[in-house]
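Count the sequence shown with our numbering and you get residues 25 to 289, in order.
Ideal placement from N, C-alpha and C gives every residue a C-beta, glycine not left out.
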Amino acid sequence: MELPEGTAWNRALRNNIFVFLACIINRIALFMCNKPGGSKSSAVPILINNLKGKMSKDSYFQTVPELVTASFQGSQSCTSEGIIKVFERADNYTLVKHCSELLPVIVFDEIGLVELSPYKPLKVLHADLEVETNNYGFVGISNWRLDASKMNRALYLSTPDLDVQDLQLIGKTIVESMEQQAKKPLIDFNSIIINGIAQAYYDLYDNLSDAPPDQKNYFGLRDYYSLIKSIVRNLMETKEKVDIYEIIRRQLKVNFDGILDGSSL
């Protein structure tokens with residue numbers, strides 16, 4: 025499977041891709057629900073870009089129908105008419121080629137926000153998600169669980185939180201990707217430092233597990249990703265020899281101390 029440059033092949037991404045592949049091939053609706061930064065949105069385009077039917081580079085993927093997406097962005101102002109149109113668009117794709125050569129996939133992003141719509145638009149999904157009548161793939165992406173009436177009509181995938189090894193792998197992948205793009209190796213930012221930052225973030229997240237719900241996920245995965253990128257960017261922009269630990273302390277304040285403008289630090 026081909027991955028975009030800089031993609032960390034971590035446990036969450038592998039799980040998401042595997043389940044997504046099994047579900048769309050068998051026309052089973054799927055809800056992918058976990059916290060922001062959990063590789064939900066990354067898994068979908070990776071699989072779609074690899075499944076090109078007979079034009080696929082992988083021999084197994086050549087035996088699988090080509091995927092074509094009908095995307096829909098959910099919001100609190102969403103109506104049932106908009107959802108119906110995306111299903112009609114998926115139906116139209118089946119007329120382009122023989123159904124054995126083309127498989128439409130409906131990608132419903134932020135489906136959790138649609139539940140908050142006063143128009144109750146998700147009721148139209150009840151009939152369309154039944155396995156007996158479903159002619160295409162369907163994946164709903166959300167940061168939280170939906171109500172039982174929707175969840176019971178699809179496979180629910182909730183990826184476990186990343187462990188220290190996952191965080192370390194992601195950190196190293198980010199650094200390597202930015203080094204390749206800039207063609208500038210960072211000798212000072214070695215694996216020992218990256219592993220230490222990953223462990224520190226994991227300990228922070230673990231200590232917040234007993235916090236109130238509105239504070240439990242205050243520091244998300246994207247804060248960790250941003251921290252690593254900011255450190256690398258600072259090291260690349262600095263022409264003189266600098267103390268890497270001073271840069272790390274500065275970026276910790278910027279990304280984890282609530283400071284809106286870190287330029288004065």
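Rounded straight-line distance, which links the Cα of residue j to that of residue i
i, j, result
"residue 145", "residue 261", "49 Å"
"residue 267", "residue 188", "25 Å"
"residue 170", "residue 52", "17 Å"
"residue 285", "residue 130", "Any reading at residue 285 needs caution, since the residue's pLDDT is 49, under 50, leaving its predicted position unreliable; the model's value is listed next. The straight-line gap from Cα to Cα measures roughly 40 Å."
"residue 72", "residue 93", "8 Å"
"residue 151", "residue 237", "34 Å"
"residue 207", "residue 58", "35 Å"
"residue 160", "residue 83", "22 Å"
"residue 280", "residue 234", "19 Å"
"residue 91", "residue 119", "14 Å"
"residue 166", "residue 181", "11 Å"
"residue 109", "residue 31", "33 Å"
Outcome for residue i when other beta-carbon atoms lying within 10 angstroms are tallied against a minimum of 16
i, result
"residue 89", "buried"
"residue 275", "buried"
"residue 209", "exposed"
"residue 79", "exposed"
"residue 283", "Reliability fails at residue 283, whose pLDDT of 49 lies under 50, so the model's placement of it is uncertain and no value is given."
"residue 273", "exposed"
Short Cβ contact (7 Å threshold) for residue i with residue j
i, j, result
"residue 336", "residue 218", "Because the chain in this structure spans residues 25 to 289, residue 336 falls outside the shown range and cannot be described."
"residue 191", "residue 226", "yes"
"residue 183", "residue 62", "yes"
"residue 47", "residue 179", "yes"
"residue 132", "residue 96", "yes"
"residue 37", "residue 67", "yes"
"residue 271", "residue 252", "no"
"residue 148", "residue 104", "yes"
Cutoff 7 Å: residue i Cβ touching any chain D Cβ
i, result
"residue 202", "The structure shown contains no chain D; it is built from a single protein chain."
Residue ranges of each beta strand (DSSP E) within the segment 84-139, 3 or longer: 90-97, 126-133
Segment contact, 8 Å Cβ cut-off, at least three pairs: the segment 99-107 with the segment 122-141: yes
Within the segment 29-53, ranges of the beta strand (DSSP E) (whole runs, at least 3 residues): none
Length-filtered (4 minimum) alpha helix (DSSP H) runs lying within the segment 220-283: 237-240, 245-261, 268-280
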